[in-house]
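Enquirer: In the working numbering, the protein residues as written are 993 to 1212. First the structure, then my questions, so here it is.
Below is the structure:
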């Protein structure tokens, strides 16, 4: 069962005049607290998430246990890998974690085809989502292959500041390292270099991006 207000939020976020009947009948909503794992690697995809509030990070883990952030799912977005995996009854190749308290509407995997048939808007949405995620993954590959870790770290800090509309970011060095797919000690060393150069100010689980950080700094 999905609350009426949640369905109204869904229409606004996904820019549709109505919610597909199958989602109203068979979909369900759930709220996850920050830090909760929503989807584990190698688990079967039984439902596709559509984010209403909050943020989900989609991560990939290598054989040595190191993680790298593939992309984030924000309000009005979904996970294209879940769509594809659910359609083909495959296991997940990624892990999904709630970054903050997150409300999600789930479409059962066995109802995805039906939803796409009854709603041309949803079919168009999936194609646009695929295009967006593909571009994000290309950007990530480009960064890993051609950019130095310090450039990627600063770009990540500026991106987070822009998303939050705040120059102060609440995050640990280990979390940044996981998102970049590198070691915590590397991130800590680079942050100290940034601080010495007047680009950031460091606090306990807190980083303030300063004006010297370069293009992308948010003025207040």
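We treat Cβ as the ideally placed atom computed from N, Cα and C, and that holds for glycine.
#1: By Cβ distance, which residues of its chain are closer than 7 angstroms to residue 1122, with the 5 residues on each side in sequence left out?
#2: Here's the rule: buried if 16 or more other CB atoms are within 10 angstroms of the residue's CB, otherwise exposed. What is residue 1172?
#3: Rounded to whole angstroms, how far is the Cβ of residue 1044 from the Cβ of residue 1088, which I believe are closer than 8 angstroms?
#4: For residue 1143, collect the residues of the same chain with a Cβ closer than 7 angstroms to its Cβ; drop the 5 residues on either side in sequence, then sort them by chain order.
#5: Name the two residues that bound the continuous alpha helix (DSSP H) containing residue 1106.
#6: Any idea what DSSP makes of residue 1212, helix, strand or coil?
#7: What would DSSP say about residue 1022, mapped onto helix, strand or coil?
#8: Taking the Cβ atom as the reference point for each residue, do residue 1060 and residue 1066 lie within a distance shorter than 8 angstroms?
#9: Could you have a look at residue 1072 and say whether DSSP puts it in helix, strand or coil?
Expert: This is what the structure holds:
#1: 1072
#2: Label assigned to residue 1172: buried.
#3: Taking the Cβ atoms as the reference, residue 1044 lies roughly 15 angstroms from residue 1088, outside the contact range of under 8 angstroms.
#4: none
#5: 1104-1110
#6: In this prediction, residue 1212 has a pLDDT of 48, which is less than 50 and means its spatial position is unreliable; what the coordinates show is noted afterwards. Residue state, collapsed to three classes: coil.
#7: strand
#8: no
#9: helix
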